[in-house]
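Residue numbers (the numbering used here), protein chains in the order written: chain A, 2 to 356; chain B, 11 to 220; chain C, 162 to 399.
All C-beta atoms in this analysis are idealised placements derived from N, C-alpha and C, irrespective of residue type, glycine included.
Computed from a predicted model, the values in this text were never measured in an experiment.
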Amino acid sequence: MNFFKWLSNIDRRWIYLLMAVVISIPIFIRAPVKVKPSPDVTMLYDYLENQEEGMGVLLSFDYSPDSLAELQPMAKALSYHALSKNLRLMGIALSWPSAAGLGIEAIKSQVDIINSEVLKDLLDSAEQNEEVKTYAAEKKLASEGLRKEILYVLIAKLEKDKEIEERYSELKGVLEKARISSEIVTYEKEVRLIGRDWCYFGYKPGYTQMILGMGTDIATTLSTDYKGTSLLKYEMFNSPTEKMKNYDNIAVCIDLAAGGSLGSWLAFVNTKFGRPVATGVTAVMAADYYPYLQSKQIIGLLNGMRGAADYETLIGKPGRGLSGMSSQSAAHILIIIFIILGNIGYFLGKKGGEK
Amino acid sequence: MSVMNFIGTTLAAIFTLAVFSFLYKDNPFYKFAEHLLVGLSVGYYVGQIWHTAFISWIINPVFNERQYILFIPIFFGLFYLGFIHSKTVWLIRIPIALSLGIGSGYGISYSFQTSIFIQLRETINVFTQSGMDAWDVIKAILLVVGVFSAIVYFFFSWKHEGVVGWIAKVGIYFLMIGFGASFGLTVMGRISLLIGRFLFLFQDWLHIIK
Amino acid sequence: MKRSVPLAIVLVTGIIYFFVPFMTNRFTMDFLYQTILVDWMKIMGVFAIVMSITSLVRRNVYKIQRKVGDYQYSWVELIGMAFMITVSIFLPQTPLGKNMLLGGIREGSVYDWVFSNIQVPMQATMFSLLAFYIASAAYRSFRARNAEATLLLITAGIVMIGRVPLGEDIYNFMKGLNGDASFRWSEIFNFQGITQFILDIPNAATKRAIGFGVVMGMIATSLKIMFGIEKSWLGGTE
Numbered sequence: 002m003n004f005f006k007w008l009s010n011i012d013r014r015w016i017y018l019l020m021a022v023v024i025s026i027p028i029f030i031r032a033p034v035k036v037k038p039s040p041d042v043t044m045l046y047d048y049l050e051n052q053e054e055g056m057g058v059l060l061s062f063d064y065s066p067d068s069l070a071e072l073q074p075m076a077k078a079l080s081y082h083a084l085s086k087n088l089r090l091m092g093i094a095l096s097w098p099s100a101a102g103l104g105i106e107a108i109k110s111q112v113d114i115i116n117s118e119v120l121k122d123l124l125d126s127a128e129q130n131e132e133v134k135t136y137a138a139e140k141k142l143a144s145e146g147l148r149k150e151i152l153y154v155l156i157a158k159l160e161k162d163k164e165i166e167e168r169y170s171e172l173k174g175v176l177e178k179a180r181i182s183s184e185i186v187t188y189e190k191e192v193r194l195i196g197r198d199w200c201y202f203g204y205k206p207g208y209t210q211m212i213l214g215m216g217t218d219i220a221t222t223l224s225t226d227y228k229g230t231s232l233l234k235y236e237m238f239n240s241p242t243e244k245m246k247n248y249d250n251i252a253v254c255i256d257l258a259a260g261g262s263l264g265s266w267l268a269f270v271n272t273k274f275g276r277p278v279a280t281g282v283t284a285v286m287a288a289d290y291y292p293y294l295q296s297k298q299i300i301g302l303l304n305g306m307r308g309a310a311d312y313e314t315l316i317g318k319p320g321r322g323l324s325g326m327s328s329q330s331a332a333h334i335l336i337i338i339f340i341i342l343g344n345i346g347y348f349l350g351k352k353g354g355e356k
Numbered sequence: 011m012s013v014m015n016f017i018g019t020t021l022a023a024i025f026t027l028a029v030f031s032f033l034y035k036d037n038p039f040y041k042f043a044e045h046l047l048v049g050l051s052v053g054y055y056v057g058q059i060w061h062t063a064f065i066s067w068i069i070n071p072v073f074n075e076r077q078y079i080l081f082i083p084i085f086f087g088l089f090y091l092g093f094i095h096s097k098t099v100w101l102i103r104i105p106i107a108l109s110l111g112i113g114s115g116y117g118i119s120y121s122f123q124t125s126i127f128i129q130l131r132e133t134i135n136v137f138t139q140s141g142m143d144a145w146d147v148i149k150a151i152l153l154v155v156g157v158f159s160a161i162v163y164f165f166f167s168w169k170h171e172g173v174v175g176w177i178a179k180v181g182i183y184f185l186m187i188g189f190g191a192s193f194g195l196t197v198m199g200r201i202s203l204l205i206g207r208f209l210f211l212f213q214d215w216l217h218i219i220k
Numbered sequence: 162m163k164r165s166v167p168l169a170i171v172l173v174t175g176i177i178y179f180f181v182p183f184m185t186n187r188f189t190m191d192f193l194y195q196t197i198l199v200d201w202m203k204i205m206g207v208f209a210i211v212m213s214i215t216s217l218v219r220r221n222v223y224k225i226q227r228k229v230g231d232y233q234y235s236w237v238e239l240i241g242m243a244f245m246i247t248v249s250i251f252l253p254q255t256p257l258g259k260n261m262l263l264g265g266i267r268e269g270s271v272y273d274w275v276f277s278n279i280q281v282p283m284q285a286t287m288f289s290l291l292a293f294y295i296a297s298a299a300y301r302s303f304r305a306r307n308a309e310a311t312l313l314l315i316t317a318g319i320v321m322i323g324r325v326p327l328g329e330d331i332y333n334f335m336k337g338l339n340g341d342a343s344f345r346w347s348e349i350f351n352f353q354g355i356t357q358f359i360l361d362i363p364n365a366a367t368k369r370a371i372g373f374g375v376v377m378g379m380i381a382t383s384l385k386i387m388f389g390i391e392k393s394w395l396g397g398t399e
């Protein structure tokens, strides 16, 4: 009884500290974690697996940094899957302006990963080149940083991105001199390029208007991408044969949401235009969307950090979702212990009071 | 790691710790972080709107492509600036009225179809799926019972007595399971956010783990 | 006039747009839908941001002028906002050092750097504090006072275990103990399966029932606004 009395009067900061310790220990131990993906996540994975190359996938980044830990790993895993399947990935931020920066980070990081996988041999040979070695030594660049810069310069050449070329003009000169730049042309079809394989529209205010407008014509509704480049300059939106005109060319719209935005996607994209919608949501609001999963109005649901971990498992690319799972287990046990202790104390106190 | 990356990550860690310091007690570091966040967020919003909406939807079409018809929405949009003077403040109501009228009117039928009609239809259709085994039938019955009893619970025009009372009681138990699920997931979501920050501190900043 | 004109606009546009989804003629599709609803409404909305910036500036200037409370922090807000606006709008997109751009909003710009390294960590951390509060509340507030509350807490506990790998580990361990016995008692430890059932059936059923109420309420509110019964959006009495 005294123990419970003592526990109920304990300074809340000790509880905070205990929570911090419980979450930290599994991170340090790095216990191997395996998860069995839930059917809600597998449904979306299977759907994307069965899509024909060249179909579009639209990710809507409807969250702010508040929900970064849950939704950013999902965004990355979904982007990787779509890009690796040669689906045309598009991203837009509709509800929160601050999602603009998160969206480009998620997509661009996965584009870079896939491009470095495709260009592995070229990057290896570039790294071994004497002139590049001298450049790296002068700039005190480690292998990882050097490979990243080489990748940017080579991709910028294909994308004709003058800003990036200007920023890395010195390395560009070195790569041209070493005749590495000219080799990138042979990889042109395999790498993922902006405007051909992916596009990010950035933040666009007025999400109902945007969702409705994209049903008619994506390029004229949105006008520009996140860099301010007209969408009609991109192959994705001006090609007569493989154009991303509207939702008819998009296999699925996936709303990564931390608010009520999914309602508009369902009402307009699914009900009005009759196109598939899926979602990745924060765990806090996930329970509210199971009725729509049962009615098949959404074709997949990624639920919180666990949803991200499930998707990472399915694509075989562990990320922040899986990294957090062991800490999640430990913290849940702690919370359950707190609830049990609290209730034992409550009932003992009640009993004592009755006496 | 470049110098700017190092500075960036260190700053991110300092601000993370400044916000965590609130757990001990309110202090100037936390207050500074809180106010800086508000300022930066609004500034970020303006930067986004300027480049992705103002330039590409207003400046370019009107001045470069000469779509002068766009002066009509611009005219109504400018009513938002009515708030600068007390005599013109009522003008804000015009664009708000347009948004509300058009938005409400257009949305009603789709909201009804999405969240009521299809949801109701799929509750009934749950028995018509092919290849259902005994367990699927039990689940289908539970789903229908759950929906019906929870609706009855929220139906306050009838007194919750007799049969209605019993059904409402079943509804309460279903609701409690539903709220329990939401509660469990809420705990999970909140903890995930904290894990995210710890992973940042240990992985990206201190490089203690890979 | 100050109230009747906006109320008339809501009524007329509301009624017209209620019928738009059911009409497929060219005037409706090209003008009412595409031109007004999509193209013009998005432009009108852009101007609304001026209100939010002005209200933030006004609030802070007021605090600074009258030295209200911790008015020093108002400077922090104003400087933070002015900095982001300046770098994103007024400065040119020229290289700054090797990896950065001075102006603009694209990746590598100062604007993006400040967002990623200051705004994101602060905002993400603010919300993560809730994990600590929920731990404290778990001990102090979550009481099984009656049958309903007990059911809620038990469900929450099952979901909490069922959604983490620990639940699968417990189940696998129990399955091992159960061995090849014909009575599969280990199934009661299948937390992941039970959680999935809870989410798919009782949870979905109740959320559907609640959803009916919420959407009915939203539609009723929309109709009340359209017909001028709900006027709170007008603000003020004038």
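Residues near Leu314/C by beta carbon distance below 8 angstroms, same chain, minus five either side
Taking the third sequence and counting its residues from 1, the one referred to as residue 314/C is at position 153. Cβ within range, chain order: Phe303, Ala305.
Using a beta-carbon distance cut-off of less than 9 angstroms, what residues from the region 352-380 of chain C approach chain B?
Thr356, Phe358, Ile359, Leu360, Asp361, Ile362, Pro363, Asn364, Ala365, Ala366, Thr367, Lys368, Arg369, Ala370, Ile371, Gly372, Phe373, Gly374, Val375, Val376, Met377, Met379, Ile380
When the Cβ atoms of the region 11-20 of chain A are set against those of the region 12-25 of chain B, are three or more pairs found closer than 8 angstroms?
The answer is no - the region 12-25 of chain B does not touch the region 11-20 of chain A, with fewer than three Cβ pairs under 8 angstroms.
So, with DSSP's three-state summary, where would you put Gly175/B?
Position 165 of the second sequence, counted from the first residue, corresponds to residue 175/B. Helix at Gly175/B.
So, Ala285/C versus Leu45/A, is the Cβ gap smaller than 7 angstroms?
Counting from 1 along the third sequence, the entry for residue 285/C is found at position 124. Counting from 1 along the first sequence, the entry for residue 45/A is found at position 44. No, these two residues do not count as a Cβ contact at 7 angstroms.
6 angstroms CB neighbourhood of Ala94/A in its chain, flanking five on each side removed
Against the first sequence, residue 94/A aligns to sequence position 93. Taken in chain order, the residues that qualify are Phe62, Ala100, Ala101, Gly104, Tyr204.
Using only the alpha-carbon positions, how far apart do Met245/C and Gly53/B sit?
Indexing the third sequence from 1 puts residue 245/C at position 84. Indexing the second sequence from 1 puts residue 53/B at position 43. Answer to the nearest angstrom: the Cα atoms are 5 angstroms apart.
Reference His82/A, options Gly317/A, Phe339/A, Ala331/A, closest by Cα
Here residue 82/A corresponds to residue number 81 of the first sequence, with the count starting at 1. Checking every option, the nearest Cα to that of His82/A belongs to Gly317/A.
In this structure, what does DSSP give as the bridge partners for Phe62/A?
Stepping through the first sequence from its first residue, residue 62/A is reached at position 61. Paired residues: Leu257/A.
Residues, ordered as in the chain, of the region 61-78 of chain A that lie near chain C by beta-carbon distance below 8 angstroms
Ser65, Pro66, Asp67, Ser68, Leu69, Ala70
Any idea what DSSP makes of Thr225/A, helix, strand or coil?
Against the first sequence, residue 225/A aligns to sequence position 224. Correct three-state label for Thr225/A: strand.
Start and end of the beta strand (DSSP E) containing Arg369/C?
Position 208 of the third sequence, counting from 1, holds the residue named residue 369/C. No beta strand (DSSP E) holds Arg369/C; the alpha helix (DSSP H) holding it covers 365-387.
Nearest to Phe251/C by CA position, among Val56/B, Ala150/B, Ser167/B, is which residue?
Translated into positions along the third sequence, residue 251/C becomes position 90. It is Val56/B.
For Leu123/A, which three-state DSSP category applies?
What you label residue 123/A is simply residue 122 of the first sequence in a count that begins at 1. Here Leu123/A sits in helix by DSSP.
C-beta contact flag for Ala331/A and Pro27/A at 7 angstroms:
Taking the first residue of the first sequence as position 1, residue 331/A is located at position 330. Taking the first residue of the first sequence as position 1, residue 27/A is located at position 26. Cβ atoms of Ala331/A and Pro27/A: closer than 7 angstroms.
Extent of the continuous alpha helix (DSSP H) to which Thr217/A belongs
In the first sequence, the residue the question calls residue 217/A occupies position 216. Looking at the DSSP string, the run of the alpha helix (DSSP H) that includes Thr217/A is 208-217.
Going by DSSP, what residue range makes up the beta strand (DSSP E) through Gly203/A?
For the purposes of this step, residue 203/A is taken as residue 202 along the first sequence, with counting starting at 1. Counting along the chain, the unbroken beta strand (DSSP E) around Gly203/A starts and ends at 199-204.
Only counting runs of 3 or more residues, tell me where the beta strand (DSSP E) segments fall wholly within the region 85-123 of chain A, in order along the chain.
89-94
Under a Cβ-count criterion, where at least 16 other Cβ atoms within 10 Å of its own Cβ denotes burial, should Lys356/A be classed as buried or exposed?
In the first sequence, the residue the question calls residue 356/A occupies position 355. Caution is warranted here: a pLDDT of 45 is assigned to Lys356/A, below 50, making its placement in the model unreliable, and no coordinate value can be reported.
Which residues in chain A have a C-beta closer than 7 angstroms to the C-beta of Ala191/B? List them in chain order.
The residue labelled residue 191/B in the question sits at position 181 within the second sequence. The contacting residues are Ala288.
Starting from Phe339/A, find everything on chain C with Cβ-Cβ shorter than 7 angstroms and list it in chain order.
Translated into positions along the first sequence, residue 339/A becomes position 338. Chain C residues near Phe339/A: Ala296, Ala299, Tyr300.
Within this structure, are the beta carbons of Phe212/B and Ile218/B separated by less than 7 angstroms?
Along the second sequence, read from residue 1 onward, the residue named residue 212/B stands at position 202. Along the second sequence, read from residue 1 onward, the residue named residue 218/B stands at position 208. For the pair Phe212/B and Ile218/B, the CB atoms are nearer than the 7 angstroms cut-off.
Test item: CB-CB of Ile362/C and Lys149/B under 7 angstroms:
Numbered from 1 along the third sequence, position 201 holds the residue referred to as residue 362/C. Numbered from 1 along the second sequence, position 139 holds the residue referred to as residue 149/B. Yes; because the gap between Cβ atoms is below 7 angstroms, this pair is in contact.
Mind listing which residues of the region 25-47 of chain B have their C-beta closer than 7 angstroms to chain C's C-betas, in chain order?
Phe25, Thr26, Val29, Phe30, Phe32, Leu33, Lys41, Phe42, Ala43, His45, Leu46, Leu47
Residues bridged to Ile195/A [DSSP beta-bridge criterion]:
As a first step, residue 195/A is located in the first sequence; it is residue number 194 there, counting from the start. Bridge partners of Ile195/A: Trp199/A.
C-beta atoms of Ile170/C and Ala160/B nearer than 7 angstroms:
Locating residue 170/C in the third sequence gives position 9, counting from the first residue. Locating residue 160/B in the second sequence gives position 150, counting from the first residue. Not closer than 7 angstroms, so no.
Restricting to runs no shorter than 4 residues, where is the alpha helix (DSSP H) found entirely within the region 37-125 of chain B?
38-59, 81-88, 103-122
Please report how far the alpha carbon of Leu185/B lies from the alpha carbon of Asn135/B, in whole angstroms.
Mapped onto the second sequence, residue 185/B falls at position 175. Mapped onto the second sequence, residue 135/B falls at position 125. Approximately 22 angstroms between the Cα atoms of the pair.
Does any CB atom of chain B fall closer than 7 angstroms to the CB of Met44/A?
Looking up residue 44/A in the first sequence gives position 43. Not one chain B Cβ lies under 7 angstroms of Met44/A.
Continuous beta strand (DSSP E) stretch holding Ala317/C: start and end
Within the third sequence, residue 317/C is the residue found at index 156, counting from 1. No beta strand (DSSP E) contains Ala317/C, which is instead part of the alpha helix (DSSP H) from 308-323.
Closest Cβ-Cβ distance between Ser66/B and chain C: below 7 angstroms?
In the second sequence, residue 66/B corresponds to position 56, counting from 1. No, Ser66/B does not count as interfacial toward chain C.
For Tyr201/A and Asn239/A, I'd like the C-alpha separation in whole angstroms.
Residue mapping note: residue 201/A aligns to position 200 of the first sequence, counting from 1. Residue mapping note: residue 239/A aligns to position 238 of the first sequence, counting from 1. Near 16 angstroms, if we compare the C-alpha coordinates of Asn239/A and Tyr201/A.
Tell me the rounded alpha-carbon separation between Ala370/C and Phe122/B.
Numbered from 1 along the third sequence, position 209 holds the residue referred to as residue 370/C. Numbered from 1 along the second sequence, position 112 holds the residue referred to as residue 122/B. Approximately 14 angstroms between the Cα atoms of the pair.
Chain A contacts made by the region 60-87 of chain B, where a contact means CB separation under 7 angstroms:
His61, Thr62, Ala63, Ile65, Ser66, Trp67
Per-residue DSSP class, three states only, for Met261/C
As a first step, residue 261/C must be located in the third sequence, where it is residue number 100. Here Met261/C sits in strand by DSSP.
Identify the contact partners of Met202/C in chain A, using a Cβ-Cβ distance below 7 angstroms as the criterion.
Here residue 202/C is taken as the residue at index 41 of the third sequence, counted from 1. Those are Gly207, Gln210, listed as they occur along chain A.
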